[in-house]
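Using our numbering, you'd call the opening residue of the sequence shown number 1 and step up by one each time.
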Amino acid sequence: MTDNVYPSFFDAPWVDAFVHLADHCITCATCSAMDEEGTNLGLLCAEGERLNEEFRQARRA
Ligand SMILES: [Zn+2]
1 MTDNVYPSFF DAPWVDAFVH LADHCITCAT CSAMDEEGTN LGLLCAEGER LNEEFRQARR
61 A
């Protein structure tokens with residue numbers, strides 16, 4: 001049973017894409033790269049860019 005992990009009000013079309021993006025970014029050294037002050041550099045690897053684009057497309061849908 002993995003269908004009810006998220007509350008139903010999160011059941012929007014873009015949630016899957018967002019979760020994929022977030023899951024990737026916290027485990028990817030490139031996407032989570034920070035400068036010495038802890039500011040995210042906003043770098044995206046190829047996979048991060050693909051997931052980010054998927055998320056943007058889903059938000060528009
Ligand atoms: Zn990445």
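The C-beta atom is built at its ideal place from N, Cα and C for all residues, glycine as well.
| request: Kindly identify the DSSP beta-bridge partner or partners of N52. | output: DSSP, once it has assigned bridges, lists no residue as partnering N52.
| request: Round the Cβ separation of G48 and H24 to the nearest angstrom and send it over; I've been treating them as touching at under 8 Å. | output: 6 Å
| field | Residue environment, A12, which counts as buried when at least 16 other CB atoms sit within 10 Å | value | exposed
| Of the choices L51, F18, V15 and C31, whose alpha-carbon is the least far from that of L43? | C31
| task | Return yes when at least one heavy atom of ligand 1 lies under 7 Å from the C-beta of T39, else no. | result | no
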